[in-house]
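Notes follow the structure.
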Amino acid sequence: RCMMDSDDEVRDRATFYLNVLQQRQIALNAAYIFNGLTVSVPGMEKALHQYTLEPSDKPFDMKTVPLATAPIFEQKAEIALVTSKPEKVAPSRQDIFQDQLAAVPEFKTLGPLFKSSEPVQLTEAETEYFVRCIKHVFTNHIVFQ
């Protein structure tokens, strides 16, 4: 079913992984499926594009592609462990909604805010009036703003 998907990336990945699995080589499976890509995807895209622009008799060499860097959230986690002074964190959207709803006397009896949804557009952008709704979920109640 994935091989017939309308998305090119899904079809390409399905074909690639199917071919790797059909070869039934444990080392190949470990290298390409379990460990994933260790190269930079934008770097590989650029290298492949450059390879297609310049005709060559040599096959494409993956060693020319730069290695991937650690994801940003992992780098931030490592940096956070090194620094010892606490950072001032900006209030989240959830905290802002909690404060706004707590200011309304009628909502104080509803208890703590569980979750607020993203704003949903209720009218089309071209209309005269612009209406959007945010759903606030409490333990036993839902408030539509």
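Per full-length UniProt numbering, residue 1 is the first one in the sequence shown, and the count goes up by one each step. Just so you know, even glycine gets a beta-carbon here, dropped at the ideal spot from N, CA and C.
- Taking C-alpha positions only, serine 117 is separated from histidine 136 by approximately 7 Å.
- Per DSSP, the beta bridge partners of arginine 132 are Gln121.
- Residues of the same chain with a CB within less than 7 Å of the CB of leucine 110, apart from the 5 flanking positions on each side, are Phe138, His141 in chain order.
- When the five nearest sequence neighbours on each side are left out, the beta carbons in the same chain lying within less than 7 Å of the beta carbon of lysine 108 are those of Ala102, in order along the chain.
- The C-beta of phenylalanine 60 has fewer than 16 other C-beta atoms within 10 Å across all chains shown, which makes the residue exposed.
- In chain order, Val137 place their CB closer than 6 Å to the CB of lysine 115, counting only its own chain and leaving out the 5 sequence neighbours on each side.
- Within the DSSP bridge table, the entry for leucine 67 names Val39 as partners.
- Excluding sequence positions up to five before and after phenylalanine 130, its CB lies within less than 7 Å of the CB of Thr123, all in the same chain and listed in chain order.
- Burial check for phenylalanine 144: the Cβ neighbour count within 10 Å stays below 16, so the residue is exposed.
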